Structure formats: structure tokens, C-alpha cells
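Undergrad: So that we are looking at the same thing, I have put the structure below in C-alpha cells.
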Amino acid sequence: MWALRFLVAMLLVLSTAETSWSEVKLNVGRSASDLNEAGEPARFHVTWPKDATTTWSFDIAATAAGLVTDRLYLGPTVEYHRHTQIDSPQDAFRLGATSILVLGDISRGAAAHVQTLAAYQRQAANETTAHGVLALVAATPLLNSLAIDRRLGPDEFKVRWRPGFGLEYQGGASTGQAFSSTLRGNAKLHLDLFPADTYLRRRLQVAFDFEGWLDFAESQDDGSLDRRSIFSSSATVYLDEGRRFGASVEYVNGENPRDGLEKQAFLAAAFVFRLGDAIP
Amino acid sequence: MPSRAPIKLKVLNVIAAIAHRSKDSVQESQTLDGDLGLGGTVRAALAVPFTRIAREYPEGKRVTILEARALKTVQEAIDLVHARANGVG
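For the record, the sequence lines run as chains A and B.
Using the numbering used here, you'd call the opening residue of the first sequence number 6 and step up by one each time.
Using the numbering used here, you'd call the opening residue of the second sequence number 255 and step up by one each time.
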């Protein structure tokens with residue numbers, strides 16, 4: 006139940022922060038540790054069956070800018086992913102600091118958007134809870150010639166793409182278990198489609214994400230290099246032109262070791278919302 | 255005190271190059287995301303060239319990546335860089 010209390014508390018903070026969030030530069034989105042999801046809205050889904058247990062899920066992250074310059078963003082972050090209705094429930098909480106560094110000069114042809122994150126992490130799965138750390142560095146190249154993170158195409162159908170790659174270190178221990186750690190590399194690709202872009206004023210967004218991981222080193226080496234991947238696709242309809250509130254349908258297939266999502270496939274419908282301009 | 259006109263010219267040059275448009279086709283009323291297609295990470299990265307332009311002037315101050323990402327229109331971008339070039343903000 007502490008997870009539900011956390012969500013209620015966060016929603017209360019957001020509702021009371023409406024008049025002041027612009028001063029403290031509070032940003033709320035889906036993830037602070039995944040650049041591809043940093044700009045996506047937080048989502049919340051709950052089901053109250055008549056004769057069964059209530060199930061719910063949410064993915065939410067908040068950051069508050071501390072130090073911000075023309076090249077650097079540094080601030081605390083809190084993030085929570087919880088799904089109770091899927092085959093293998095997901096429960097991952099993270100508290101730490103994130104930085105964004107802009108390298109190069111995009112007006113001169115190339116730049117890179119580099120994120121680092123260091124966080125305490127709590128992950129629960131299969132009735133065990135592990136406490137540990139997550140450290141990552143992730144980069145998105147912004148090459149003018151490849152038009153990365155730009156909407157391309159005619160008004161009837163625009164496309165936007167954004168690749169990324171990085172390194173992740175994750176270490177932790179469950180009660181009574183030895184500390185274990187993993188160093189893994191990952192690569193990701195985000196693709197947005199905007200059908201009838203001008204006519205719908207960007208209210209409909211179809212997104213595809215693919216992310217893959219390869220373990221480079223494990224403290225409890227089982228002799229194999231584990232590979233994991235996740236594919237997700239979603240269709241979101243925003244209710245307002247500011248794209249702050251909407252509803253989405255999402256299909257997920259795969260596993261996400263960073264967020265504690267075990268291998269499975271599911272389809273979910275959700276309410277989505279965001280505050281601020283997302284994590285830069 | 256730099257006037258708005260030379261700042262506008264420099265800002266339009268930067269935006270046109272990044273949006274793969276000719277300078278003459280970029281209008282102040284256009285939105286950076288909707289009309290010119292610049293995503294969030296690209297808008298954040300605009301802080302670097304915008305700061306460079308502002309600091310060409312003695313009173314120039316930086317444009318932060320949060321400010322750049324939050325920009326909605328070309329006009330807002332010109333006004334922001336013009337203000338920073340004059341030491342405002």
C-alpha cells in the first residue's frame with residue numbers, strides 16, 4: 006500500500022504545485038532514467054473488478070532543476086514504476102540525481118545529448134525486495150544531416166526518430182542474499198508517427214520503442230552473456246492542444262532489466278498526463 | 255544595446271539551418287515543434303548557439319537548456335535571445 010500512498014502524495018504535490026512549479030521548474034513525465042521516455046507523459050491505470058482484487062499501474066517520474074546552464078542540467082529525481090495487473094508484477098522505485106550535458110553545437114552540424122543518472126533503487130519481485138544502486142550514462146546523437154529528433158514528411162503523415170545508446174551499472178542485494186551487480190550496454194530506437202499531423206494538431210501520436218541490452222560483466226557470472234530486449238508500441242490521443250492530458254493504448258512485449266519488468270507481453274489502456282516541459 | 259533586427263537575423267539563420275529550411279521560409283509566427291518539427295532534445299540543444307549569439311554582445315547572458323526547450327515559437331526564440339543579448343534575465 007505504500008506505493009499507492011506515494012502516488013496519492015505525488016498527485017497532491019502536483020495539484021498544490023500548480024502555481025509554483027514554473028518557479029521551481031518541476032517536470033513530471035514517464036521516466037527520468039530513459040531518455041526515450043523522458044518526454045512522454047506519466048500514465049496511470051486502475052481497474053476495479055466487481056468480484057476480484059483491484060489492479061492498477063502507473064509510471065511516473067519527477068525532476069526539479071537544480072543547476073541549469075546552456076550545456077548542463079543537474080537536479081534530483083524520483084521515479085516509480087508499478088504494475089500489479091500483469092503476469093509478473095513490476096515494482097521499481099528510484100531516488101537520485103540526474104544530469105544532462107549537451108556536447109557540441111547543433112548549429113554547426115553535430116551535438117550530443119548525454120544523460121547520467123545515479124540513484125538508490127528498490128525493486129520488488131517474486132516476494133523478495135532488493136535494495137541497490139543504478140548508475141547509467143546514455144547518449145542521443147543529434148546529427149543535422151540525419152535529422153534526428155525532427156518531424157519529417159508531408160502534413161498528412163510525419164515521422165520522427167531518435168536513436169540512443171548507453172551503459173548501465175546495476176547492483177543490489179535482497180534480504181539474506183549476497184550483493185550482485187551487472188554492467189550492461191544498451192541501444193534504443195524511438196519512432197513517432199503523426200498521422201494527419203496538421204488536421205489533428207498533433208493530438209494523435211503513435212510511438213514505437215525498441216531497446217536491447219547486452220550484459221558485459223556480472224558479479225555472479227553464469228558463463229553466458231545475457232541479452233534482453235523490449236518492444237513497445239502505443240497510440241495516444243491528447244485531450245488538449247498542450248498535450249498534457251490524454252488516453253493511450255499500449256502493447257509491450259519483452260523485458261526491461263533496468264525497471265524490473267520481467268519478460269512478458271501485455272496490452273494496457275491508460276490515462277496519461279505531464280507537467281512542465283519534461284526532462285530536457 | 256543591440257537592437258532586435260540583427261539578433262533576429264542570427265536566430266533565423268540558426269533555426270533555418272537546423273530545420274533544413276531556407277532562411278526566407280522561416281516566419282516569426284511559426285512554432286518550433288509543430289511547424290518546423292524540432293523535437294525536445296533539439297530545442298534544448300539550441301541553448302548553445304543562442305548563448306553564443308547573446309554573448310557576442312558585452313552585456314550578453316546565457317540561455318539555459320530548459321529555457322530553450324520550453325520555446326514554442328520562432329518569435330519567442332528571437333525575443334529570448336534579444337533579451338539575453340541585452341543582459342536581461
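Think of the CB as a built atom: it goes at the ideal place given N, C-alpha and C, for glycine as much as any other residue.
Here the structure is a predicted model, which means the values were calculated and not measured.
Please check if any C-beta of chain A sits within less than 8 Å of the C-beta of I261/B.
TA: It does not; no Cβ of chain A falls within 8 Å.
Undergrad: What span of residues does the beta strand (DSSP E) with E321/B cover, start to end?
TA: Premise fails: E321/B lies in the alpha helix (DSSP H), I319 to A324, not in any beta strand (DSSP E).
Undergrad: Taking V317/B as the query, report the chain A residues whose CB atoms sit under 9 Å from its CB, ordered along the chain.
TA: D75
Undergrad: Give the interface partners of G291/B over in chain A, defined as CB-CB distance under 8 Å, in chain order.
TA: R155, R156, L157, K163 and R165
Undergrad: Are the CB atoms of R48/A and S253/A nearer to each other than 8 Å?
TA: yes
Undergrad: Counting contacts by CB-CB distance shorter than 8 Å, is T295/B in contact with chain A?
TA: yes
Undergrad: When we look at the beta-carbon of L72/A and count the other beta-carbons within 10 Å, is it buried (16 or more) or exposed?
TA: exposed
Undergrad: Excluding sequence positions up to five away, which residues of its chain have a Cβ less than 6 Å from the Cβ of Q128/A?
TA: A97, A135 and G265
Undergrad: Give a yes or no on whether 8 Å exceeds the smallest Cβ distance from V33/A to chain E.
TA: Included in the structure are the protein chains A and B, with no chain E among them.
Undergrad: Give me the residue from L263/B, V335/B and P312/B with the minimum Cα distance to Q281/B.
TA: L263/B
Undergrad: List the residues of chain B that L198/A touches, going by C-beta distances under 8 Å, in chain order.
TA: For L198/A, none of the residues of chain B pass the 8 Å Cβ criterion, the least Cβ distance being about 13 Å.
Undergrad: Look up D264/A in the DSSP assignment and say whether it is helix, strand or coil.
TA: coil
Undergrad: According to DSSP, G85/A sits in a beta bridge with which residue or residues?
TA: A small correction: the amino acid at residue 85/A is Tyr; Gly does not occupy that position in the sequence shown. Answer is I65/A and F98/A.
Undergrad: Which residues of chain A have a Cβ atom closer than 7 Å to the Cβ of I272/B, listed in chain order?
TA: Within chain A, the residues I111, S112 and N149 have their CB atoms less than 7 Å from the CB of I272/B, given in chain order.
Undergrad: Name the DSSP bridge partner or partners of E173/A?
TA: L141/A and R189/A
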